[in-house]
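Written below as structure tokens is the structure these notes are about.
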Amino acid sequence: MKTHTLLMPLDAHLHLRDGVMLENIAPLSAYSFSGAIVMPNLVPPVSSLVDIRAYKKRIMATVPNDYFEPYMTLFYENYDKNFLESVADEIIAIKLYPAGITTNSEGGVSSFDIAEMRPTLEAMSELQIPLCVHGETDGFVMDREAEFMSIYELLASNFPNLKIIMEHITTKEAVDMLDRFDNLYASITVHHLLLTLDDVVGGMMMPHNFCKPIAKRPEDLDALLSIALEAHPKVMFGSDSAPHPQEKKESCGCAAGVFTAPIALQLLCEIFEQYDKLDNLQAFVSDNAQSIYGLCPEFKEVILEKRAFSIPQKYSNVVPMYAGETINWAIQSVE
Ligand code: DOR
Ligand code: ZN
Numbered sequence: 010m011k012t013h014t015l016l017m018p019l020d021a022h023l024h025l026r027d028g029v030m031l032e033n034i035a036p037l038s039a040y041s042f043s044g045a046i047v048m049p050n051l052v053p054p055v056s057s058l059v060d061i062r063a064y065k066k067r068i069m070a071t072v073p074n075d076y077f078e079p080y081m082t083l084f085y086e087n088y089d090k091n092f093l094e095s096v097a098d099e100i101i102a103i104k105l106y107p108a109g110i111t112t113n114s115e116g117g118v119s120s121f122d123i124a125e126m127r128p129t130l131e132a133m134s135e136l137q138i139p140l141c142v143h144g145e146t147d148g149f150v151m152d153r154e155a156e157f158m159s160i161y162e163l164l165a166s167n168f169p170n171l172k173i174i175m176e177h178i179t180t181k182e183a184v185d186m187l188d189r190f191d192n193l194y195a196s197i198t199v200h201h202l203l204l205t206l207d208d209v210v211g212g213m214m215m216p217h218n219f220c221k222p223i224a225k226r227p228e229d230l231d232a233l234l235s236i237a238l239e240a241h242p243k244v245m246f247g248s249d250s251a252p253h254p255q256e257k258k259e260s261c262g263c264a265a266g267v268f269t270a271p272i273a274l275q276l277l278c279e280i281f282e283q284y285d286k287l288d289n290l291q292a293f294v295s296d297n298a299q300s301i302y303g304l305c306p307e308f309k310e311v312i313l314e315k316r317a318f319s320i321p322q323k324y325s326n327v328v329p330m331y332a333g334e335t336i337n338w339a340i341q342s343v344e
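Add 9 to the 1-based position in the sequence shown for the working numbering, that's all there is to it.
Quick look at the structure:
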């Protein structure tokens, strides 16, 4: 049987939520990933040292038997340097959301006024705290990411020593941006390597494929594949796996988020094999994130095998992407 081994897989962008959802969902990532960068968009957001420590503890309590490192993030506000010094050792990055642009982002940034942001972003540069960004404007939904490129340009040029991660990129404009500034990096989800807008609303509406940023055009998908399959060193896998209860997805006012955490590695094997690029998958799912963030995850070996795997209809009350469909790769063992 054909197998493929991945060492220390990392998820550079993960939503774990809280409470019962956290208890149900976190073990699924902890099973096959060595660690994940955990998003801070709780209600209220993770925005103090107390919040970070308490949330990390709650996450760890759900995965007592697995080695799994939650790399914590803070919800961006214009923090002062003293505060940043006090949290620097306990976070991997700070996540910036434009206000109201996606789930639980109401307290985000409402104007990108560089003068106002400068003290925070300079302190982050000095303390070497990377800035992760949800890069969308409030424009027309298909143009939001492309329109945000001027803001990335402003941030990257004003703060050349700040590592800026363009999160879950979906467009060729973002791909082109990557090599224009040394300090820009990107994460890419697995669903954005598979879906276009057609898979969301081209036929019957598919709520479980609906997320922010929305999947774009075939040429955008091709651009994303071109850098992911080559494991461009400034690009890393970040699932943006974003669980919502089934009733919040299959409803009028469907919540944004695609749930992929338990099937991400299997889908990635399928994609990389299809393009004969399996040899590059290790860099995409772990090595690049290790270099970009300076991570040293403990040893974990995930062996995947090529066999039919039927994706469950649900994990607790969350419907995964491709529920009920059969894919060609499955997890054989994890050590
Ligand atoms: O689709 C999304 N869901 N995009 C995000 O940026 C947030 C996420 C969530 O938290 O549900
Ligand atoms: Zn996200």
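Backbone N, C-alpha and C fix where the C-beta goes; we use that ideal spot for every residue, glycine too.
As the structure is a computational prediction, the values presented were derived from the model and not from experiment.
Pair within 8 Å by beta-carbon distance, Asn297 and Ala240: A distance below 8 Å separates the beta carbons of Asn297 and Ala240.
For Asp147, the three-state DSSP class (helix, strand or coil): coil
Beta carbon of Pro49 nearer than 8 Å to that of Lys104: Taking C-beta atoms as the reference points, Pro49 and Lys104 count as a pair closer than 8 Å.
Lys221 classed as buried or exposed, judged by whether at least 16 other C-beta atoms fall within 10 angstroms: buried
Within 8 Å, strictly: CB atoms of Gly266 and His24: yes
Beta-carbon spacing of Val209, Glu176 below 8 Å: Taking 8 Å as the Cβ cut-off, Val209 and Glu176 do not qualify as a contacting pair.
Contact between the segment 114 to 124 and the segment 195 to 202 (3+ Cβ pairs under 8 Å): no
Sequence-distant residues of the same chain with beta carbon closer than 6 Å to Arg316, five excluded per side: Ala339
Ordered list of alpha helix (DSSP H) runs contained in the segment 86 to 172, each at least 4 residues: 90 to 96, 123 to 136 and 153 to 167
The segment 30 to 45 touching the segment 70 to 78, judged by at least three CB pairs closer than 8 Å: yes
Identity of the residue in Tyr284, Phe190, Ile223 and Asn326 nearest Glu256 by Cα: Asn326
Any non-hydrogen atom of the ligand ZN closer than 7 Å to Asp147 Cβ: no
Local conformation of Thr71 per DSSP, three classes: helix
Closest Cα partner of Ile138 within the set Gly144, Glu99 and Thr179: Cα-wise, what sits closest to Ile138 is Glu99.
Range covered by the beta strand (DSSP E) that runs through Leu276: Not the beta strand (DSSP E): Leu276 falls in the alpha helix (DSSP H), residues Ala273 to Gln283.
From Met186, Tyr88, Ile174 and Pro271, residue whose alpha carbon lies closest to that of Thr129: Tyr88
Chain-ordered list of residues that sit, by beta carbon, closer than 6 Å to a heavy atom of the ligand ZN: His22, His24, Met48, Asp249 and Ala251
Coil, strand or helix - Arg316 by DSSP: strand
Pick from Pro329, Tyr80 and Asp147 that is closest to Leu19, judged by C-alpha positions: Minimum Cα distance to Leu19 is reached at Tyr80.
Outcome for Lys258 when other beta-carbon atoms lying within 10 angstroms are tallied against a minimum of 16: It counts as buried.
Limits of the unbroken alpha helix (DSSP H) element including Val244: Not the alpha helix (DSSP H): Val244 falls in the beta strand (DSSP E), residues Val244 to Phe246.
Where the beta strand (DSSP E) containing Pro79 begins and where it ends: Glu78 to Phe84
Pro36 versus Pro271, Asp191 and Lys323, residue with shortest Cα-Cα distance: Pro271
Neighbour-count burial assignment, Cys305, 16 or more Cβ in a 10 Å radius: exposed
Three-way DSSP call (helix, strand, coil) for Ile22 in this model: According to the sequence as given, residue 22 is His; it is not Ile. Strand at His22.
Separation of Ala102 from Pro169, as counted between CA atoms: 16 Å
For Ser38, the first and last residue of its enclosing alpha helix (DSSP H): Gly28 to Ser41
Candidates Asn218, Ser95, Arg226 and Cys278, of which the one nearest Tyr331 by Cα: Asn218
Residues that DSSP places opposite Met48 in a beta bridge: According to DSSP, Met48 bridges with nothing at all.
Ile223 and Val184 closer than 8 Å at C-beta: no
Cβ distance (whole Å) where Glu94 is taken to contact Leu140 below 8 Å: About 16 Å; that fails the 8 Å criterion.
Distance cut-off 7 Å: Ala351 Cβ against heavy atoms of the ligand DOR: The first residue shown for the chain is 10 and the last is 344, placing residue 351 beyond what the model contains.
Three-state secondary structure (DSSP) of Glu310: Of the three classes helix, strand and coil, the one that applies to Glu310 here is strand, per DSSP.
Residue burial classification, Gln275 (beta-carbon count within 10 angstroms, cutoff 16): That one is buried.
Length of the line joining the Cα atoms of Val72 and Leu83: 21 Å
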